[in-house]
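Colleague: Okay, here's the structure, questions in a sec.
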Amino acid sequence: MAARGWTTSRPSPSCRNSSTPPSCSARPRRSTAGVSWRLVGRPASSPGCATRGLTPWRASSARLASSSTGTSTNIKDGVLRGIREFDMAVDGIVVNSFEELERDSAARLAAATGKAVLAVGPVSLCGADSRAGTGSSDEARRCVAWLDAKKASSVLYVCFGSNGRMPPAQLMQLGLALVACPWPVLWVIKGADTLPDHVNEWLQHSTDDADGQCLVVRGWAPQVPILEHPAVGGFLTHCGWGSTLESVAAGVPMATWPFFAEQFMNEKLIVDVLGIGVSVGVTKPTENLLNGVKDGAEPEVGTEQVKRALNKLMDGGAQGEDRRSKARELKAKAKAALENGGSSYMNLEKLIQFAA
């Protein structure tokens, strides 16, 4: 497999109700202008790991300034050249991940780039005590109140990120599978106001049932509190790195439906490496907001295919329990990484010392 992440751009943060932060490993070089750091979503490693896109940032004199990146697979040469020049200029790389999640990826990235690499995540766990399961908006409170009425680990959460918008025909195939689920479903739909009238009418008719089996959120939803809620037992995700790490930190197994770019590589990590996910079976990029949704586009994934993946995800059999057990173990490791003496805690201390 190819080297991960550090030569490609990363799409905007997904369905994100959280921010994207830092992470690292060898001692960085100093310059007369101060120490420069690149803030990325996750570490990259040497050959043997899949490519992941990363958003470059620069931190100098305690100030972060964003660097522009391409968001599609057709990155202009000038933009890509600028990213590479930026990579060469920084002293270190800060990653929203934790060392126990990706083993020696940070060390491999440090060896490949000659930069310091510090993993300081998962950032979604920062401020968890202050959230206390509540939201600051009416929509957040509605979601949490709905979840409070559900049994533990019974809810399927569905969200495809800020930019993950399906063609109407594909959304209908997904919707038919979700409304047929034997489990409660919390389904977040971005860009619902742009859907054809017949799709919106179907959504209103099929999801506005009296027993509240399928709650549809049109727009923003508080993803981190939702994933951390004890009622949530599975997450159907587009595999954006933010959503992936938030699900890992919450201990929630995933069904994977990547849309584009590094999301297909993240799917491999979730399903094949960590063993905490089930693939829906998407084989090519989905028409989405970044390259224009085509109303006439034929769906790649049918209703029955979605049902089979979700049955595996939410199933109580031996394989399902094994995924849940692995997810719980990773949740504990994520929490420990941020505690005093943990890998991310120590890396953040190193970062502070480097910048001092």
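Under the working numbering, the first residue of the sequence shown carries the number -13, and numbering increases by one thereafter. Glycine included, every Cβ here is placed at the ideal spot set by N, Cα and C.
Does N326 pass the burial test, meaning 16 or more other C-beta atoms within 10 Å, or should it be called exposed?
Modeller: So N326 ends up on the exposed side.
Colleague: Taking the straight line between their C-alpha atoms, what separation do you get for E232 and A92?
Modeller: For E232 and A92, the distance between alpha carbons rounds to 19 Å.
Colleague: Leaving aside the five residues before and after L164 along the sequence, list all residues of the same chain whose C-beta is less than 7 Å from its C-beta, in chain order.
Modeller: V144, V171, W173, C200, listed in sequence order.
Colleague: Does the beta-carbon distance from P153 to A283 come in below 8 Å?
Modeller: Cβ atoms of P153 and A283: closer than 8 Å.
Colleague: Buried or exposed: which applies to K336, given that a residue is buried once 16 or more other Cβ atoms fall within 10 Å of its Cβ?
Modeller: When all chains shown are included, K336 counts as buried.
Colleague: Tell me whether the region 290 to 302 and the region 238 to 251 touch, counting them as touching only if at least three CB pairs, one residue from each stretch, are closer than 8 Å.
Modeller: Judged by Cβ distances under 8 Å, the region 290 to 302 makes contact with the region 238 to 251, as three or more pairs qualify.
Colleague: Measure from the alpha carbon of N297 to the alpha carbon of each residue in V141, T99, E86, then state which is nearest.
Modeller: Cα-wise, what sits closest to N297 is V141.
Colleague: Does DSSP put S265 in a helix, a strand or coil?
Modeller: DSSP places S265 in strand when its eight states are reduced to three.
Colleague: Going by DSSP in three states, S17 sits in which element: helix, strand or coil?
Modeller: Low confidence applies to S17: its pLDDT is 38, below 50, so where it sits in the model is not reliable enough to give any reading.
Colleague: Between the region 175 to 194 and the region 308 to 327, can you find at least three pairs of beta-carbon atoms closer than 8 Å?
Modeller: Contact between the region 308 to 327 and the region 175 to 194 is absent, because fewer than three Cβ pairs lie under 8 Å.
Colleague: Is it the case that the region 73 to 81 contacts the region 92 to 107, given that we only count it when at least three CB pairs across the two stretches are under 8 Å?
Modeller: Touching, yes.
Colleague: Going along the chain, which residues of its own chain have a beta-carbon closer than 8 Å to the beta-carbon of V266, five neighbours each way excluded?
Modeller: Closer than 8 Å at Cβ, skipping near neighbours: L222, A241, T242, W243, V287, Q291, V292, A295.
Colleague: Let me check one thing: in DSSP terms, what residues is I175 bridge-paired to?
Modeller: According to DSSP, which records beta bridges pairwise, I175 is partnered with R204.
Colleague: In its own chain, which residues sit with a C-beta less than 6 Å from the C-beta of L316, not counting the 5 before and 5 after it?
Modeller: Closer than 6 Å at Cβ, skipping near neighbours: V234.
Colleague: Ordered along the chain, which non-local residues of its own chain (more than five positions away) have a Cβ less than 8 Å from that of M158?
Modeller: Once the five neighbours on either side are set aside, the close Cβ partners of M158 are V185, W188, P285.
Colleague: Would you list the residues sitting across from Y143 in a DSSP beta bridge?
Modeller: In DSSP, Y143 forms a bridge with L172, F221.
Colleague: Provide the residue span of the beta strand (DSSP E) that contains T242, from first to last.
Modeller: Its beta strand (DSSP E) spans residues 240 to 242.
Colleague: Hey, would you say V130 sits closer than 8 Å to P216, going by beta carbons?
Modeller: Not closer than 8 Å, so no.
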